[in-house]
Structures are given as C-alpha cells and as structure tokens.
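A.B. asks:
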Amino acid sequence: MFTLSLRAIPKVSTAEHRKVADVILAGASAKAREIYAAHRRRGGKELMGILEPHGFQRL
10 MFTLSLRAIP KVSTAEHRKV ADVILAGASA KAREIYAAHR RRGGKELMGI LEPHGFQRL
C-alpha cells in the first residue's frame with residue numbers, strides 16, 4: 010500500500026490480474042501459474058524501482 014501513492018495507476022498489474030483470472034476460469038492452471046510468476050517478477054522489479062530511492066534494498 011505504501012507504493013500506491015508513489016506510482017501511476019497500476020494499469021499493467023490490473024491487466025495481468027485479469028489475465029490470470031481468465032486463464033484460471035478457462036481451466037488452464039499451469040498457464041495461470043506461469044503468467045502469475047511473470048507478473049510477480051515484473052511487479053517486484055517495478056516496486057524496487059520505486060522503493061530503492063527511499064532506502065529500501067529488498068522486498
């Protein structure tokens with residue numbers, strides 16, 4: 010929640026969440042895991058780019 014006020018509206022993240030939900034509803038759990046793992050990697054990098062200037066070194 011700390012980062013929400015420090016970044017733009019998370020449109021990419023929201024789209025990724027929707028994609029994961031769609032894939033789960035389609036019954037493709039392996040694909041959902043793959044998409045979610047990529048989302049976590051991308052999001053982690055994005056958040057660290059926001060947090061590092063504030064002295065944080067890891068999530």
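Residue numbering for the sequence shown follows my numbering, starting at 10 and increasing by one per position. Beta carbons: idealized from backbone N, C-alpha and C, even for Gly.
#1: Which class does residue 70 belong to by DSSP, given the choice of helix, strand or coil?
#2: Would you kindly work out how many angstroms separate the C-alpha atoms of residue 57 and residue 26, rounded to a whole number?
#3: With DSSP run on the structure shown, which of helix, strand or coil describes residue 51?
#4: Could you say if the region 12-20 and the region 40-60 meet the contact criterion of at least three C-beta pairs nearer than 8 Å?
C.D. replies: Considering the structure as presented:
#1: What the structure shows of the chain is the stretch from 10 to 68, and residue 70 is not part of that stretch, so it cannot be assessed.
#2: 19 Å
#3: helix
#4: yes
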